[in-house]
Amino acid sequence: MYKKALGIIVLVHMLFLAGYVCVALAGDSIQIGEPVTTATLDRALVADESSSAMGVADRAASGQRVVDYGTLEKPPAYELGEEDYDILLRIVEAEAGGEDEDGKLLVANVVLNRMNSEAFPNTVKDVVMQRSGGVTQFSPVASGRIWRVKVSQETIDAVQRAIQGEDISQGALYFASRRYADSGSMRWFDRRLTFLFKHGGHEFFF
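This is the structure in structure tokens:
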């Protein structure tokens, strides 16, 4: 009986002391001698979560560069010179100025697909300015409108996506607007090429 009572006293004493132990959560958020309650533990957890965020802020404020490796851009898939880049922007604006951003991206994709194809020249300028049987491949080149367009920010964004390697064209090498093309040209498209899909006002072919 005595031993049982002594055991109970020792257990109560240990529990009492545990309430005042120094807890090493969140640095000094719980002080030595402070009773450990639900409120103090909650405070410690909040302090612990905020300390990691503050650490990043402190490093940034101290002049050290904080790098989020998940947001680093990939190297571009295409390295274009200034002239090629300007011509790509212009032909996309001239051909797809009224399309949405994906429509503009698709036109840029076709130009770059041609540049990568053995059947076409290997620079943007030569692809866009190419003549076959004395006929230009892109109507804005023939009309001169390519040099008169004002390039929009959306076109710049679309071309940047293409240069970074985004390709939604399914390998298309041709596109046409059936609404504006003459019937002879569209017959050639329909008979000689493989139709892939339509987006906006353009049909895409391979």
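Residue 1431 is where the sequence shown starts when you use this note's numbering, and the numbers rise one by one after that. By construction, the Cβ of each residue, glycine as well, lies at the ideal position given by its N, Cα and C atoms.
Own chain, CB closer than 6 Å to residue i, minus 5 neighbours either side, in chain order
i	result
V1537	V1522, E1525 and A1526
G1595	A1507
E1509	none
V1581	L1519 and E1523
E1529	G1630
Start-to-end residues for the alpha helix (DSSP H) that takes in residue i
i	result
K1628	Careful: K1628 lies outside any alpha helix (DSSP H), inside the beta strand (DSSP E) at F1625 to H1629.
F1636	Element bounds for F1636: n/a, residue is neither H nor E.
Y1406	No answer is possible for residue 1406: the residues shown for the chain start at 1431 and end at 1636.
I1517	E1512 to A1526
T1585	Q1583 to I1593
W1618	S1613 to R1622
P1570	S1569 to S1573
N1543	E1531 to N1546
D1556	V1554 to M1559
Chain-order list of residues whose beta-carbon lies under 8 Å from that of residue i (same chain, five-residue window excluded)
i	result
S1547	L1603
Q1560	F1550, P1551, T1566 and Q1567
For residue j and residue i, believed in contact at Cβ under 8 Å, the rounded distance
i	j	result
E1532	H1629	Note on identity: in this sequence residue 1532 is Asp, with Glu being the wrong assignment. Confirmed, Cβ separation roughly 7 Å.
F1635	L1626	6 Å
V1571	V1557	V1571 to V1557, Cβ: 11 Å. No contact.
D1514	V1554	4 Å
I1586	L1518	I1586 to L1518, Cβ: 10 Å. No contact.
Neighbourhood of residue i by C-beta, 7 Å cutoff - its chain only, sequence neighbours within 5 removed
i	result
G1511	none
S1599	L1536, N1539, V1540, N1543 and F1634
M1616	A1606 and R1608
T1624	F1635 and F1636
F1568	I1521, E1525 and V1558
A1592	L1535, A1538, N1539 and L1542
I1576	R1520, I1521, A1524 and P1570
R1622	none
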